[in-house]
Amino acid sequence: MANLNKVFLIGNLTRDPELRYTPSGTAIASFGIAVNRNWKGQSGEKKEEVCFVDINMFGRRAEVINEYFSKGNPIFIEGRLQFQQWETKDGQKRTTLRVVAEDFQFIGKTKKGEGTDIPDETEFNNKQSKAPTDINDEEIPF
Numbered sequence: 008m009a010n011l012n013k014v015f016l017i018g019n020l021t022r023d024p025e026l027r028y029t030p031s032g033t034a035i036a037s038f039g040i041a042v043n044r045n046w047k048g049q050s051g052e053k054k055e056e057v058c059f060v061d062i063n064m065f066g067r068r069a070e071v072i073n074e075y076f077s078k079g080n081p082i083f084i085e086g087r088l089q090f091q092q093w094e095t096k097d098g099q100k101r102t103t104l105r106v107v108a109e110d111f112q113f114i115g116k117t118k119k120g121e122g123t124d125i126p127d128e129t130e131f132n133n134k135q136s137k138a139p140t141d142i143n144d145e146e147i148p149f
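Just add 7 to the spot in the sequence shown (first one is 1) and you have this note's numbering.
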């Protein structure tokens, strides 16, 4: 059976990225984005729907997200869906569906609207490392 788990999103950050590190030193940036959908209803009125998506980015890219992005900045995300379920201390079952970002692109202005000081693509590519694909759940500090 064929499988495909690929997500492409363009949206605005809903909060500043939160940067953490696993015990092995891998950076993890957690942030949310809002993705809007606009359409016209049957009677011609304009309608809008907002979808809020939680994102995790790993490795050097996570550090770049933390450095250059803040709440409100637009971003293009490429990644995959990840479903998690757990039980709280009081026995309630919880689930979440989030995107594990594998790549991103700058669109619009950088952090705090400070102009276009986006790093040169070759500079970014030379500094980045590939995000690890096999991180144990025990390594993620949240």
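By construction, the Cβ of each residue, glycine as well, lies at the ideal position given by its N, Cα and C atoms.
Cβ contact annotation for Leu88 (same chain, cutoff 7 Å, sequence separation greater than five): Asn12, Val14, Leu104 and Val106, in chain order. Boundaries of the alpha helix (DSSP H) around Ala69: Arg67 to Tyr75. Per the Cβ contact rule, the stretch 59 to 67 is in contact with the stretch 33 to 46 (3 or more Cβ pairs under 8 Å). Each residue's CA atom was taken as its position, placing Gln49 and Ala69 some 43 Å apart.
Burial check for Ile82: the Cβ neighbour count within 10 Å reaches 16 or more, so the residue is buried. Around the beta-carbon of Ser37, 16 or more other beta-carbon atoms lie within 10 Å, marking it buried.
Comparing alpha carbon positions, the residue from Glu52, Glu56, Ile35 and Gly51 closest to Asn45 is Glu56.
Spanning the alpha carbons of Ile35 and Pro24 requires a straight line of approximately 10 Å.
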